[in-house]
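Once you know that position 304 of the sequence shown is 304 in UniProt numbering, the rest is easy, because the numbers rise by one and skip nothing.
Just so you know, even glycine gets a beta-carbon here, dropped at the ideal spot from N, CA and C.
As the structure is a computational prediction, the values presented were derived from the model and not from experiment.
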Amino acid sequence: MDFDTEDSGENENVAFIEKVLQSCENDLSIKIDSVECEPGSRQGDNYMSLIKRAAVQGKRRDLDYQRKLIVKRQISSISRRQLFRCDEAFANEIAAYTKVLPHLRRFSSNRLPYPKCLFAGIDDAEKEVIILEDLRESGFDMEDRLKGLDYSHCSLVMQELGNLHAISLAMKVKEPETFDTVRQSISEIVYCPEAREFISNTLECSLRDTLTSLKATNTDGHLTDAIGKIERMQGCMYDIMSRHVLENEESWKVICHGDIWINNLMFRQRSTGCAEHVKLVDLQTMRCTSPVIDILHFIYTSTVRAFRQTHLDQLITDYQKSLIKSLHIYLSSQSAQEDAFNRLEMQFSLDSIKRELQRKMLYGLGNSMWLMPAVTFHPNRIPDLNSVTITDFGNSTQMTQMLTPEYHRRIREMVLEFYEEGLLHNL
1 MDFDTEDSGE NENVAFIEKV LQSCENDLSI KIDSVECEPG SRQGDNYMSL IKRAAVQGKR
61 RDLDYQRKLI VKRQISSISR RQLFRCDEAF ANEIAAYTKV LPHLRRFSSN RLPYPKCLFA
121 GIDDAEKEVI ILEDLRESGF DMEDRLKGLD YSHCSLVMQE LGNLHAISLA MKVKEPETFD
181 TVRQSISEIV YCPEAREFIS NTLECSLRDT LTSLKATNTD GHLTDAIGKI ERMQGCMYDI
241 MSRHVLENEE SWKVICHGDI WINNLMFRQR STGCAEHVKL VDLQTMRCTS PVIDILHFIY
301 TSTVRAFRQT HLDQLITDYQ KSLIKSLHIY LSSQSAQEDA FNRLEMQFSL DSIKRELQRK
361 MLYGLGNSMW LMPAVTFHPN RIPDLNSVTI TDFGNSTQMT QMLTPEYHRR IREMVLEFYE
421 EGLLHNL
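This is the structure in structure tokens:
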């Protein structure tokens, strides 16, 4: 996770940027004079890589030429990269942009909510880099992670997830070999043997912080039973989470974004303030798993309890309608495909999706406990992750001191929500 903006103002190599633009625009007349960089994300908004916003100036056919680009690079701290598995994450994101999205884009006739990628790979200096269009030039921007999202924003996200997941389901019918190629191009970088020690420590640390927070506010004893049930998750967090991500029926497996939360979403608003388009960014943890993993990841990091009580059922309906609508588009050309569509329409009925969500709800809880500090950190009190070691997750004092009143409020409300809805009874 990258809470700083180290070297984000360092300019990019002019010759390399020129070559990238000449290639992606198929125009050798493009000549770049300057590339000026500035931080491409706000303090605390990006966690595992270095983001720059590059202003490019030059000539194209003797006319002034300007572009704004997003340049994504590795952080410089080797120890931090090793601890947080940044190299594996960056490699997975390059694979997502170069080996996954091109197939999904072609299959769906470009119906994808991702920014255009101009380059992803190794630059002339033999360093990894990803170069993307600057979505802010098209009117997109991030929302305030401390405020959460309203219904119009959430509905857009759920509809785009429905379409994204439908592409996988339809591709498995029409182009199964292509889908196998796509899924093998990306790796599970979180719930894998190589990451087990680190992820297990971070999950257990987040659970301890949750319990400490709950006990501090349990002055009248109304949280005692819920605390007791949450305590049963101690020592089991990694197994609980990995089981939900890795153990799924083949027919439910789709390409998932993997890290859908408010920091990885950019919206374009109508003049009324309602969201009209959304783009999904940061593909470092793209994976093949159940579609409800994306849904739970999003809902329980980017909304609050009062919102879920009012809108959750409608959001699930929005998702299911979008998924079925997209499946109909992709599978309606031949009678054999219509049979497949009918089968998938039954399999992914609203009731079936709700049952799958209920079955995996503990993933939503565990993931929320894990990410809630990042969601609620105060911009002026961001931890220095370059100084963090794996032993720090055995003694979470440093991180605990960074937790905000908003963190404690959201954790308490979320645990009460799960407890009152009976979702902790089987722990």
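Residue i - partner residues in DSSP beta bridges
{"i": "Cys-205", "result": "Per DSSP, none; premise fails for Cys-205."}
{"i": "Met-48", "result": "Met-48 is not bridged to any residue."}
{"i": "Gln-57", "result": "Ser-34, Gln-66"}
{"i": "Pro-39", "result": "Lys-52"}
Same chain only: Cβ atoms within 7 angstroms of residue i, ignoring 5 sequence neighbours per side
{"i": "Leu-203", "result": "Met-237, Tyr-238, Met-241, Gly-366, Trp-370"}
{"i": "Asn-264", "result": "Leu-280, Val-281, Asp-282"}
{"i": "Asn-11", "result": "Val-35, Glu-36, Cys-37"}
{"i": "Ala-170", "result": "Leu-327, Tyr-330, Leu-331"}
{"i": "Ala-166", "result": "Leu-323, Ser-326, Leu-327, Tyr-330"}
{"i": "Gln-22", "result": "Leu-28, Ile-30"}
{"i": "Ser-155", "result": "Leu-315, Asp-318"}
{"i": "Val-100", "result": "Val-182, Ser-185, Ile-186, Ile-255, Met-286"}
{"i": "Ser-335", "result": "none"}
{"i": "Glu-93", "result": "Ile-130, Leu-283, Gln-284"}
C-beta neighbour in chain C for residue i, strict 7 angstroms
{"i": "Glu-231", "result": "You won't find chain C in this structure, because it holds only one protein chain."}
Segment limits, beta strand (DSSP E) that includes residue i
{"i": "Arg-73", "result": "63 to 73"}
Contacting residues, own chain, Cβ-Cβ under 8 angstroms from residue i (five flanking each side not counted)
{"i": "Leu-214", "result": "Leu-223, Ala-226, Ile-227, Ile-230, Ile-411, Arg-412, Val-415"}
{"i": "Glu-143", "result": "Leu-149, His-153, Ile-262, Leu-265, Phe-267"}
{"i": "Cys-274", "result": "Ser-152"}
{"i": "Thr-217", "result": "Leu-223, His-408, Arg-412"}
{"i": "Val-304", "result": "Gly-148, Arg-410, Glu-413"}
Range of the contiguous alpha helix (DSSP H) that encloses residue i
{"i": "Glu-188", "result": "Unbroken run through Glu-188: none, as it is neither H nor E."}
{"i": "Val-20", "result": "14 to 24"}
{"i": "Gly-162", "result": "151 to 174"}
{"i": "Lys-360", "result": "From DSSP, Lys-360 is part of no alpha helix (DSSP H); its letter is neither H nor E."}
{"i": "Ser-349", "result": "No alpha helix (DSSP H) holds Ser-349; DSSP gives it neither H nor E."}
{"i": "Val-415", "result": "405 to 420"}
{"i": "Leu-83", "result": "78 to 83"}
Residue closest to residue i, alpha-carbon to alpha-carbon, out of the options
{"i": "Lys-68", "options": "Asp-62, Trp-252, Asp-134, Cys-205", "result": "Asp-134"}
{"i": "Val-14", "options": "Val-56, Ile-51, Lys-52", "result": "Val-56"}
{"i": "Leu-246", "options": "Ser-200, Val-190, Thr-404, Gln-284", "result": "Val-190"}
{"i": "Val-157", "options": "His-297, Arg-359, Leu-327", "result": "His-297"}
{"i": "Leu-403", "options": "Met-346, Thr-212, Leu-315, Lys-52", "result": "Thr-212"}
{"i": "Leu-146", "options": "Gly-422, Phe-377, Leu-424, Glu-421", "result": "Phe-377"}
{"i": "Ile-353", "options": "Leu-169, Thr-210, Thr-317", "result": "Thr-317"}
{"i": "Ile-324", "options": "Leu-28, Ser-168, Thr-303, Ile-131", "result": "Ser-168"}
{"i": "Thr-98", "options": "Phe-119, Thr-310, Arg-81", "result": "Phe-119"}
{"i": "Gly-235", "options": "Ser-200, His-311, Glu-249, Gln-159", "result": "Ser-200"}
{"i": "Glu-194", "options": "Pro-115, Gly-162, Ile-122, Glu-88", "result": "Glu-88"}
{"i": "Ile-122", "options": "Gln-159, Gln-82, Val-100, Val-71", "result": "Val-71"}
{"i": "Ala-96", "options": "Arg-53, Pro-176, Phe-16, Gly-258", "result": "Gly-258"}
{"i": "Thr-181", "options": "Val-20, Leu-63, Ser-206, His-103", "result": "His-103"}
{"i": "Ile-51", "options": "Leu-63, Gln-74, Arg-61", "result": "Gln-74"}
{"i": "Gly-80", "options": "Gly-422, Cys-205, Ser-206, Phe-198", "result": "The sequence given here places Arg at residue 80; Gly does not occur at that position. Checking every option, the nearest Cα to that of Arg-80 belongs to Phe-198."}
{"i": "Lys-116", "options": "Phe-341, Ala-125, Arg-105, Arg-359", "result": "Arg-105"}
{"i": "Cys-205", "options": "Met-372, Lys-19, Glu-18", "result": "Met-372"}
{"i": "Pro-113", "options": "His-277, Phe-90, Cys-24, Leu-357", "result": "His-277"}
{"i": "Lys-127", "options": "Lys-172, Asn-26, Phe-16, Pro-176", "result": "Phe-16"}
{"i": "Ser-108", "options": "Ala-54, Lys-174, Leu-63", "result": "Lys-174"}
Sequence-distant residues of the same chain with beta carbon closer than 6 angstroms to residue i, five excluded per side
{"i": "Thr-5", "result": "Reliability fails at Thr-5, whose pLDDT of 45 lies under 50, so the model's placement of it is uncertain and no value is given."}
{"i": "Trp-252", "result": "Ser-290"}
{"i": "Gly-58", "result": "Lys-31, Ile-32, Asp-33, Tyr-65"}
{"i": "Tyr-300", "result": "Gly-364, Ser-368"}
{"i": "Phe-418", "result": "Leu-365, Leu-424"}
{"i": "Leu-427", "result": "Lys-229, Arg-232"}
{"i": "Glu-188", "result": "Arg-287"}
{"i": "Gly-162", "result": "Tyr-319, Ser-322, Leu-323"}
{"i": "Thr-210", "result": "Met-369, Ile-411"}
{"i": "Gln-337", "result": "Leu-331"}
{"i": "Phe-140", "result": "Met-266, Arg-268, Lys-279"}
#### Entry: beta strand (DSSP E) runs wholly inside the region 230 to 260, at least 3 long, in chain order
254 to 256
#### Entry: Length at least 4, wholly inside the region 256 to 319: the alpha helix (DSSP H) runs in chain order
291 to 302
### Task
Quick one: which unbroken alpha helix (DSSP H) runs of 4-plus residues sit fully inside the region 92 to 150? Chain order, please.
101 to 107
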